[in-house]
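Asks: In the working numbering, the protein residues as written are 527 to 803.
Glycine included, each C-beta is placed from N, C-alpha and C at the ideal position.
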Ligand SMILES: Cc1cc2nc3c(=O)[nH]c(=O)nc-3n(C[C@H](O)[C@H](O)[C@H](O)COP(=O)(O)OP(=O)(O)OC[C@H]3O[C@@H](n4cnc5c(N)ncnc54)[C@H](O)[C@@H]3O)c2cc1C
């Protein structure tokens with residue numbers, strides 16, 4: 527089975543690898559060996575495969591954390607302790623050969639079919655949203671008119687796990703100049719020793735989203751928006767009739783946000799689960 531899969535795959539070279547959060551998270555960039563472009567829609571995923579010492583050839587799905595307008599193909603990946611693939615993947619050095627399948631998937635703005643998108647991600651579930659927001663930014667920079675409004679909520683345990691934070695805060699700072707993008711990140715463990723400060727929210731991201739839309743939160747949970755972010759102003763950005771929720775990452779977060787989305791009148795709900803509950 528794994529040999530048959532490998533035979534169907536193309537190859538790409540690892541051209542960039544940046545690890546952070548103590549080596550448990552990484553941004554990896556690949557360049558197809560034959561120099562061809564990978565054509566895909568922002569938000570799609572591909573399958574990456576490697577030979578591992580313990581388990582033979584292992585392939586796993588990964589959302590593309592970049593724009594189709596980027597020259598290389600980018601991934602935001604978490605190291606899963608004792609995982610079958612990620613320990614080998616994280617050990618790869620520049621120049622290593624990866625195997626990949628043609629990108630697929632329907633986690634796209636086209637599928638969302640709305641102009642206001644509330645994006646909610648846990649951990650590396652941010653990946654497809656980086657693709658969407660960076661693509662919209664590039665089009666904005668090129669002067670292409672767009673009526674998208676994006677509100678991105680990113681949750682992690684610790685504040686040093688917010689990959690792409692500087693890039694996303696940079697886009698959010700352009701809001702006054704017509705790029706309609708809002709970024710809120712929140713740490714469920716607000717530890718200053720791990721980079722938390724008042725610019726970061728507090729609490730699980732699904733509960734932060736519930737808080738914004740005045741939906742119930744389990745008793746005793748601590749939830750706060752980043753300093754200077756006004757709850758009512760954030761909620762007012764969302765007209766339910768023209769809004770879709772897109773949720774990605776932990777299946778528990780994805781399940782938990784279905785009800786509040788429905789309660790506020792949003793019926794377009796897209797999901798990309800990274801594993802099964
Ligand atoms: C459509 C799709 C897109 C995906 N995109 C990404 C991505 O962009 N980045 C990414 O890091 N992962 C992504 N994943 C998860 C990825 O496919 C692997 O499951 C993950 O890398 C673990 O592989 P492994 O062989 O090391 O672990 P395995 O031995 O397969 O262990 C799987 C277990 O690892 C845990 N796990 C899986 N993914 C994560 C994660 N992201 N963070 C924390 N724990 C996890 C779960 O408990 C799961 O049951 C995606 C999955 C799907 C289905």
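Return the Cβ separation of residue 677 and residue 656 in integer angstroms, given the expectation that the two are a contact with Cβ distance under 8 Å.
Replies: Actually they do not touch by this definition, with Cβ atoms about 15 Å apart.
Asks: Which residues does DSSP pair with residue 775 in a beta bridge?
Replies: In the DSSP output, where bridge partners are listed per residue, residue 775 has 799.
Asks: Closest by CA to residue 673, which one among 772, 692, 662 and 680?
Replies: The residue with the shortest Cα to Cα distance from residue 673 is 662.
Asks: Using a Cβ-Cβ cutoff of less than 8 Å, which residues in the same chain neighbour residue 701 once the five nearest sequence positions on both sides are dropped?
Replies: Here the set comprises 707 and 708.
Asks: Exposed or buried, residue 758, counting other C-beta atoms within 10 Å across all chains shown (16 or more means buried)?
Replies: Per the 10 Å Cβ criterion, exposed.
Asks: Nearest to residue 787 by CA position, among 803, 802 and 761, is which residue?
Replies: Nearest option by C-alpha distance: 761.
Asks: For the alpha helix (DSSP H) holding residue 667, just list the boundary residues, first then last.
Replies: Taken as a continuous stretch (DSSP letters only), the alpha helix (DSSP H) holding residue 667 covers 653–667.
Asks: Which residue or residues does DSSP assign as beta-bridge partners of residue 536?
Replies: Residue 536 pairs with 626.
Asks: Helix, strand or coil for residue 673, going by three-state DSSP, please let me know.
Replies: Residue 673: coil per DSSP, three-state reduction.
Asks: Can residue 688 be considered in contact with ligand 1, in the sense that its beta carbon sits closer than 7 Å to one or more heavy atoms?
Replies: No, the beta carbon of residue 688 sits no closer than 7 Å to any heavy atom of ligand 1.
Asks: Pull up the distance between the alpha-carbon of residue 582 and that of residue 532, whole angstroms please.
Replies: If you take the alpha carbons of residue 582 and residue 532, they lie about 11 Å apart.
Asks: Taking the alpha carbon of residue 749 as the point to measure from, which residue in 802, 729 and 609 has its own alpha carbon closest?
Replies: Here the closest residue by C-alpha is 729.
Asks: I'd like to confirm something about residue 606: is its beta-carbon nearer than 7 Å to some heavy atom of ligand 1, or not?
Replies: Indeed, a heavy atom of ligand 1 lies less than 7 Å from the Cβ.
Asks: Given residue 610, which residues of its chain have a CB within under 6 Å of its CB, disregarding the five upstream and five downstream residues?
Replies: If we look at residue 610 and ignore the five residues flanking it on each side, its Cβ neighbours are 581 and 584.
Asks: Buried or exposed: residue 602, going by 16 or more other Cβ atoms within 10 Å of its Cβ?
Replies: With 16 or more other Cβ atoms within 10 Å, it is buried.
Asks: Give me the Cα-Cα distance between residue 622 and residue 765, rounded to the nearest whole angstrom.
Replies: One C-alpha to the other measures close to 47 Å.
Asks: Taking residue 625 as the reference, which of 796, 530 and 566 has the closest Cα?
Replies: Among 796, 530 and 566, the Cα nearest to that of residue 625 is on 530.
Asks: Report the rounded CA-to-CA distance for residue 790 versus residue 770, giving the unit in angstroms.
Replies: Going by the C-alpha atoms only, they are around 11 Å apart.
Asks: Whole angstroms are fine: how far does the CA of residue 738 sit from the CA of residue 619?
Replies: Distance between the alpha carbons of residue 619 and residue 738: 43 Å.
Asks: List in chain order: all unbroken beta strand (DSSP E) runs of 3+ residues lying wholly within the region 688–750.
Replies: Counting only runs of 3 or more, we get 707–713.
Asks: Give the DSSP bridge partners of residue 679, in chain order.
Replies: Residue 679 is bridged to 646 and 710.
Asks: Please state whether DSSP places residue 616 in a helix, a strand or coil.
Replies: Residue state, collapsed to three classes: helix.
Asks: Using only alpha-carbon positions, find the residue among 566, 599 and 579 that is nearest to residue 559.
Replies: Ranking the options by Cα distance to residue 559, first place goes to 599.
Asks: Once you ignore the five residues that flank residue 742 on each side, which residues in its own chain have a CB closer than 6 Å to its CB?
Replies: Closer than 6 Å at Cβ, skipping near neighbours: no residue.
Asks: Residue 551 bridges to which residues according to DSSP?
Replies: The partner list for residue 551 (beta bridge, DSSP) reads 546 and 604.
Asks: Once DSSP output is grouped into helix, strand and coil, what is the label at residue 576?
Replies: Residue 576: strand per DSSP, three-state reduction.
Asks: Within its chain, find whatever has a CB closer than 6 Å to the CB of residue 595; leave out the 5 residues flanking it on each side and keep chain order.
Replies: The residues are 664.
Asks: Indicate whether residue 796 and residue 637 have their beta-carbon atoms separated by less than 8 Å.
Replies: In contact: residue 796 and residue 637 (Cβ atoms closer than 8 Å).
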